[in-house]
Amino acid sequence: MKQRRRIYYSAAQRAEIWDRVADALRPDDHRDPYGVAEAKRMLATFYAWLDQRLAGREWATDDGFTLVDCAAAPALFYADWSHPIDARFKTPKAYRARLLARPSMTRAVDEARPYRGYFPLGAPDRD
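Under my numbering, think of the first position of the sequence shown as 111, with each following residue one higher.
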């Protein structure tokens, strides 16, 4: 059951990010303000869940850095770009920072910098 829950939250988080991106690509007269607000609400719910789930942990599992963290890194990276993690959720913010500090993630982010302008929501001037 725990594995299914992890998969559900990961899939739900990614869906909410891409709902926002898809809306940004639509013509102005076809935008979906309700859908965007709902996506933001769902991401805030996800951040609250993650805040509790990761409390007292360095990584997502008790086994140290694993493939779960590798999968979480890009999703959390873009989730924070599409709906910034609220300051009250210190645990997900710190987890994201640890993920970004990993050499492989640092390299991936640095090598992708020339393509940031293609992100439809606009890339923040950070990371």
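No residue lacks a Cβ here, since even glycine has one placed at the ideal position from N, Cα and C. Given the structure is predicted, the values throughout are model-derived calculations rather than measurements.
Residue range of the alpha helix (DSSP H) that includes residue i
| i | result |
| --- | --- |
| Gly145 | 143-163 |
| Trp191 | 177-192 |
| Arg212 | Element bounds for Arg212: n/a, residue is neither H nor E. |
Own chain partners of residue i with C-beta closer than 6 Å, once the 5 adjacent residues on each side are dropped
| i | result |
| --- | --- |
| Thr201 | Asp161, Leu164, Ala165 |
| Ala233 | Arg226 |
Cutoff 7 Å; reference residue i; Cβ partners in own chain excluding five residues on either side
| i | result |
| --- | --- |
| Lys203 | Ile195 |
| Phe175 | Trp169 |
| Gly145 | Asp129, Asp133 |
Opposing strand residues paired with residue i [DSSP bridges]
| i | result |
| --- | --- |
| Thr171 | Gly174 |
Assumed close pair residue i, residue j - CB separation to whole angstroms, cut-off 8 Å
| i | j | result |
| --- | --- | --- |
| Ala170 | Ala189 | Not a contact, Cβ separation roughly 15 Å. |
| Ala147 | Phe199 | Contact doesn't hold; Cβ gap of about 19 Å is too wide. |
| Pro230 | Ala134 | 4 Å |
| Val219 | Asp235 | Actually they are not in contact, since the Cβ atoms of Val219 and Asp235 sit about 13 Å apart, beyond 8 Å. |
| Leu209 | Asp179 | 6 Å |
Own chain, CB closer than 8 Å to residue i, minus 5 neighbours either side, in chain order
| i | result |
| --- | --- |
| Met111 | Bear in mind that the predicted position of Met111 carries a pLDDT of just 44, short of 50, making it too unreliable to give a figure here. |
| Arg206 | Leu186, Phe187, Asp190, Ile195 |
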